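Read the structure below first, then the notes.
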Amino acid sequence: MPQARLFDTHAHFFTSDTARYPIDVTGAREGEQAVRARIAANPATPASLIPLWDRLGVAGGAAVQYNTVYKSDNSYALAVGDAHPDRLSTVLILQAADPATPATLRTLATGHNVSGLRLFGYPDGEGEYPWLDSPAALETWEVANELGLHMVLMYAPGVPSAAALGRVIALAKRFPSTVICLDHCGWPAVDKGDEGTIGAEHLSLLYVPNVRFKFTQINFNRFAETGIDPQRFVRRMVDSFGVERVMWGSDYGNTKNSYEEMVEQAIAATALLTDAERAKVLHDNGQALFAARR
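Note that the numbering used here has the sequence shown beginning at 15, numbered continuously upward.
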């Protein structure tokens, strides 16, 4: 296997300079005190990551706003993207249903090195995901579409959801020129063996070409718990959806694996791909979407 070149579509950054960049760790899954300790002891900054990129063959990446630490205050992610336009762009997090979001998105995206907007949320009491496509949310989608931003979606909890993906399909058809990236591949199943990772929920996306899939270390760690082979998963994703629709992101800053281990596992997961397919999945597809825009 030749030396791989990578592009990291999913890196989270945070700094220990909490005076300049205030944090909000309320509701953190690992516990608020644990997050505060991690921020103080092991900040995830460009000064830490870019030297690793240089050593490991990572050309660049996306600074994905870190909800756990900053919620929707994008100040640090914007600063990271603006300071390193040769290597990074910023993916914002905003609340799509907030009436102020369309104007905020326009201001931030036109004034900074922004490539995308990430939406995140849970189902309501009926198991539906109205935050994706409510009338207010659609105004945000309209602005993103107008500005040529990519939409990055993460729904919770981490299981395949026909309710969420059905709305994603409708949005993809409503905004056919907008690329929609599903974080963590939209949660492939982990309890049905290798052949069950891509079930009916995901197969409904077969003919929706502007929906793309981002596999991350979170997927690999979940697969390890249930004995799923990452190589067979990546091969099946490429065979099912086409090589142009699959890409890699590390989840640096959130998942606790070392960055070296993340890169090693990403490359290993592409062992069943051809060299040309590997180049697209590990680098070209992500770079085409999330390279710096200014």
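Glycine residues also receive a C-beta, built at the ideal position from the N, C-alpha and C atoms. These numbers come from a predicted model, not from an experiment.
Where the alpha helix (DSSP H) through residue i begins and ends
i	result
residue 115	115 to 125
residue 68	60 to 70
residue 300	299 to 304
residue 286	Note, residue 286: premise wrong, no alpha helix (DSSP H); not H, not E.
residue 253	244 to 255
residue 240	231 to 240
residue 89	89 to 97
residue 207	Careful: residue 207 lies outside any alpha helix (DSSP H) and carries neither H nor E.
residue 154	149 to 161
residue 182	176 to 188
residue 143	Where residue 143 is concerned, there is no enclosing alpha helix (DSSP H), given that its DSSP letter is neither H nor E.
residue 54	46 to 55
residue 214	214 to 217
Supposed close pair residue i, residue j - CB separation, criterion 8 Å
i	j	result
residue 257	residue 295	7 Å
residue 147	residue 184	7 Å
residue 260	residue 299	7 Å
residue 27	residue 94	5 Å
Span separating the alpha-carbon of residue i from that of residue j
i	j	result
residue 160	residue 263	26 Å
residue 111	residue 47	30 Å
residue 87	residue 108	8 Å
residue 150	residue 157	12 Å
residue 287	residue 249	6 Å
residue 118	residue 134	17 Å
residue 293	residue 22	13 Å
residue 155	residue 105	14 Å
residue 173	residue 282	24 Å
residue 255	residue 220	6 Å
residue 137	residue 170	7 Å
Residues that DSSP places opposite residue i in a beta bridge
i	result
residue 266	25
residue 228	197, 261
residue 102	75
residue 20	72
residue 107	132
First and last residue of the uninterrupted beta strand (DSSP E) at residue i
i	result
residue 166	164 to 169
residue 133	128 to 135
Nearest candidate by alpha-carbon position, reference residue i, set the options
i	options	result
residue 25	273, 151, 289	273
residue 266	68, 75, 300, 38	75
residue 73	58, 56, 98, 255	98
residue 305	212, 116, 164	164
residue 198	168, 238, 207, 121	168
residue 166	195, 181, 44	195
residue 143	124, 115, 178	178
residue 19	123, 280, 85	280
residue 217	204, 200, 207, 140	200
residue 227	65, 214, 193, 276	193
residue 302	240, 162, 176	162
residue 247	209, 56, 240	209
residue 83	41, 69, 60	41
Residue i Cβ short of 7 Å to the ligand GDP heavy atom set
i	result
residue 184	Among the ligands in the structure shown, none appear at all, so the ligand GDP cannot be discussed.
C-beta neighbour in chain C for residue i, strict 8 Å
i	result
residue 161	Structure shown: chain C not included; a single protein chain is present.
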